[in-house]
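S.K.: Here our numbering is used: the first residue of the sequence shown is 3, the next is one more, and so on.
Structure provided below as structure tokens; questions to follow.
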Amino acid sequence: MQINTLDKKEEVAGETPADTTKPEAEVAVEIPIKIPRIGIVGHMLPNGSSVGVNLPYLTYFTKFGNVIIVNPVATLVEENLDLLVLPGGPDVSTLRYLKGTNVKHSFFNQKADQAREWFDVNMLPKYIEKRIPIFGIK
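Okay, here's the thing in structure tokens:
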């Protein structure tokens, strides 16, 4: 004879009957997952009227969130970024960083990218002020 323990309580000598009440139905709570917004500072394309990002950067950072290309000559901070990426590539002017030092020349200085130079001087301090994490690539 089979006893359904959900319907009847069995008593074993010296033990209290097991609680066979059915648990209350669990309510599934959906917690929204925030997908990070990652801004990559773009570079001016040769036509001078377009901004782009190298495909390897775009492919890599898309694994971690939604990528936004940040215009290097924009005058407003891209809001709600979780990370700002400063990609490698053309230099900003090292002469700015060498002021007040005994170093006269840098062997690693190439012609500065004017759009990135503008971003570095005018916009980067605003992102720092807003405490947006910055990831720089050399």
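Heads up, the beta-carbon is just placed ideally off N, CA and C, and yes, glycines get one too.
Roughly how many whole angstroms lie between the Cα atoms of HIS45 and ARG118?
M.R.: As a working mapping, residue 45 is identified with position 43 in the sequence shown. As a working mapping, residue 118 is identified with position 116 in the sequence shown. The straight-line gap from Cα to Cα measures roughly 7 Å.
S.K.: What separation, rounded to the nearest whole angstrom, lies between the Cα atoms of LEU126 and ILE71?
M.R.: Taking the sequence shown and counting its residues from 1, one reaches residue 126 at position 124. Taking the sequence shown and counting its residues from 1, one reaches residue 71 at position 69. Cα to Cα, LEU126 sits roughly 15 Å from ILE71.
S.K.: Assuming GLY41 and VAL75 form a contact by the criterion Cβ under 8 Å, report the distance between their Cβ atoms to the nearest whole angstrom.
M.R.: Counting from one through the sequence shown, the residue named residue 41 turns up at place 39. Counting from one through the sequence shown, the residue named residue 75 turns up at place 73. Contact flag wrong, Cβ pair sits at about 14 Å.
S.K.: Put ILE42 into one of helix, strand or coil per three-state DSSP.
M.R.: Residue mapping note: residue 42 aligns to position 40 of the sequence shown, counting from 1. In the structure shown, ILE42 sits in a strand (DSSP, three-state: E or B).
S.K.: Does the beta-carbon distance from PRO34 to LEU85 come in below 7 Å?
M.R.: Here residue 34 refers to the residue found at position 32 of the sequence shown. Here residue 85 refers to the residue found at position 83 of the sequence shown. Cβ atoms of PRO34 and LEU85: not closer than 7 Å.
S.K.: Quick one: Cα of ASP9 to Cα of VAL31, how far?
M.R.: Sequence index remark: in the sequence shown, residue 9 carries index 7 (1-based). Sequence index remark: in the sequence shown, residue 31 carries index 29 (1-based). Bear in mind that the predicted position of ASP9 carries a pLDDT of just 48, short of 50, making it unreliable; the figure below should be weighed with that in mind. Computed Cα separation, rounded: 31 Å.
S.K.: With a cut-off of 8 Å on the beta carbons, I'd call LYS36 and VAL79 a contact; round off their distance for me.
M.R.: Position 34 of the sequence shown holds residue 36. Position 77 of the sequence shown holds residue 79. Contact flag wrong, Cβ pair sits at about 19 Å.
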